[in-house]
């Protein structure tokens with residue numbers, strides 16, 4: 115078994131896909147004609163978005179994300195060599211700042227923003243392997 | 027929109043989903059006559075008997091449109107059913123069905139020609155969130171999602187849906203848990219946990235209230251309404 119998908123339930127799938135393209139430079143893989151499911155080009159492990167109505171159709175009960183309240187207890191993390199530029203871009207495209215880039219004791223640069231649905235997105239540099 | 031044509035005679039239990047329906051029934055024995063039916067937001071199950079060839083055409087309104095249909099009578103609407111002349115008094119435009127072959131399109135045309143007053147968007151959003159949560163969100167937490175007090179949200183529910191927010195949430199929770207048992211093949215105890223009931227007895231009380239049966243004795247002739255809010 116392997117991790118195939120991270121699927122985030124959101125209020126508006128096309129809007130979220132567009133937001134992720136602008137804020138994080140991702141490309142969309144496809145959006146289903148129902149507008150209730152969309153995937154981003156994120157390599158082998160796919161970042162996808164599903165409409166909150168889809169949760170009910172699948173028999174799930176979820177706590178929808180709420181930008182005005184505390185974030186859900188998970189995050190996604192994008193890795194880039196230039197954290198500062200990626201962070202600035204995210205803010206300029208509408209992300210809410212949570213934590214500006216800072217260097218951690220283990221040498222990694224880390225920042226946090228919240229996306230249009232209030233989900234936590236970490237933007238960090240690769241962890242340098244200790245040789 | 028929904029329709030049903032009976033291929034055999036029999037009866038079915040219709041489970042409540044807190045929403046109003048506008049229905050046209052066509053008896054096989056009197057094909058030239060149609061009976062308009064308007065239901066209030068249902069909280070109790072009811073049994074429908076039918077003969078081979080009987081047909082129904084129905085439009086299930088979004089829950090917040092109950093007030094548009096029942097207006098000042100919404101307080102008396104829960105579990106009410108108006109048939110024939112009473113239904114025509116409530117929605118006179120249904121008279122256009124007289125003498126016409128009833129179809130879903132005709133009914134949809136009549137209903138869409140009605141003026142549907144605007145509903146507070148906070149209520150519509152709250153209903154959608156409540157559905158996504160499987161009815162498990164507490165009303166005070168739901169109110170925070172839509173930036174109003176629980177008391178005000180409850181007023182919106184009573185004023186537009188015709189039920190309290192808690193009753194509507196309990197109906198969603200009941201339907202989801204029923205599906206977990208029926209469609210998901212989840213053991214009853216596990217369904218009670220995932221459905222958000224405090225224990226088996228809590229779930230059993232709710233099943234008796236909304237379904238008239240216990241979780242271990244679910245009838246096979248249930249007519250399950252399409253519970254999704256949209």
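Chains as they are written, first to last, in this note's numbering: chain A, 115 to 245; chain B, 27 to 256. Idealized CB from N, CA, C, for every residue including glycine.
Contact set between residue i and chain A, taken where Cβ atoms lie within less than 8 Å
i: residue 210 of chain B; result: 173
i: residue 83 of chain B; result: Neighbours of residue 83 of chain B on chain A: none; closest Cβ ~24 Å, over 8 Å.
i: residue 159 of chain B; result: 175, 176, 177 and 178
Chain A contact residues for residue i, given Cβ-Cβ distances below 7 Å
i: residue 152 of chain B; result: None at all; the shortest Cβ gap to chain A is about 11 Å.
i: residue 162 of chain B; result: 175
i: residue 206 of chain B; result: 173
Beta-carbon proximity list for residue i, same chain, < 7 Å, skipping 5 on both sides
i: residue 286 of chain A; result: In the structure as shown, chain A starts at 115 and stops at 245, and residue 286 of chain A therefore has no counterpart that could be examined.
i: residue 134 of chain A; result: 140 and 154
i: residue 230 of chain B; result: 240 and 241
i: residue 202 of chain B; result: 160, 161 and 221
i: residue 118 of chain A; result: 159 and 160
i: residue 211 of chain A; result: 205 and 227
i: residue 42 of chain B; result: 68, 69, 70, 71, 197 and 236
Assigned exposure category for residue i - 16 Cβ within 10 Å defines buried
i: residue 34 of chain B; result: exposed
i: residue 150 of chain B; result: buried
i: residue 193 of chain A; result: exposed
i: residue 215 of chain B; result: exposed
i: residue 45 of chain B; result: buried
i: residue 221 of chain B; result: buried
i: residue 211 of chain B; result: exposed
i: residue 58 of chain B; result: exposed
i: residue 241 of chain A; result: exposed
i: residue 121 of chain B; result: exposed
i: residue 36 of chain B; result: exposed
i: residue 209 of chain B; result: exposed
i: residue 133 of chain B; result: buried
i: residue 179 of chain A; result: buried
i: residue 166 of chain A; result: buried
Cross-chain neighbours of residue i in chain B, by beta carbon under 8 Å
i: residue 183 of chain A; result: 170 and 171
Other residues of its chain near residue i: CB distance less than 8 Å, five sequence neighbours each side excluded
i: residue 29 of chain B; result: 81, 82, 83, 84 and 130
i: residue 185 of chain A; result: 179, 228, 232, 233 and 234
Own chain, CB closer than 6 Å to residue i, minus 5 neighbours either side, in chain order
i: residue 236 of chain A; result: 189, 191 and 226
i: residue 182 of chain B; result: 146 and 149
i: residue 220 of chain A; result: none
Under 8 Å, CB to CB, which of the residues in the region 156-181 of chain A have a partner in chain B? So the list reads 166, 167, 169, 170, 171, 173, 174, 175, 176, 177, 178 and 180, given in the order they occur along the chain.
Please list the residues of the region 131-156 of chain B that have a C-beta atom closer than 8 Å to any C-beta atom in chain A, keeping them in chain order. Taking 8 Å as the Cβ-Cβ cut-off against chain A, the residues of the region 131-156 of chain B that qualify are 154 and 155.
Three or more C-beta pairs closer than 8 Å, one from the region 72-90 of chain B and one from the region 48-61 of chain B: is that the case here? With a cut-off of 8 Å, the region 48-61 of chain B and the region 72-90 of chain B count as touching, because enough Cβ pairs lie within range.
Positions along the region 83-97 of chain B whose CB lies within less than 8 Å of some CB in chain A: Near chain A, meaning a CB-to-CB distance below 8 Å, no residue of the region 83-97 of chain B qualifies.
Using Cβ-Cβ distances below 9 Å, what residues of the region 182-207 of chain B are close to chain A? Interface annotation for the region 182-207 of chain B against chain A: 198, 199, 202, 205 and 206, criterion Cβ-Cβ distance under 9 Å.
At least 3 beta-carbon pairs within less than 8 Å: the region 159-172 of chain A vs the region 193-209 of chain A: Touching, no.
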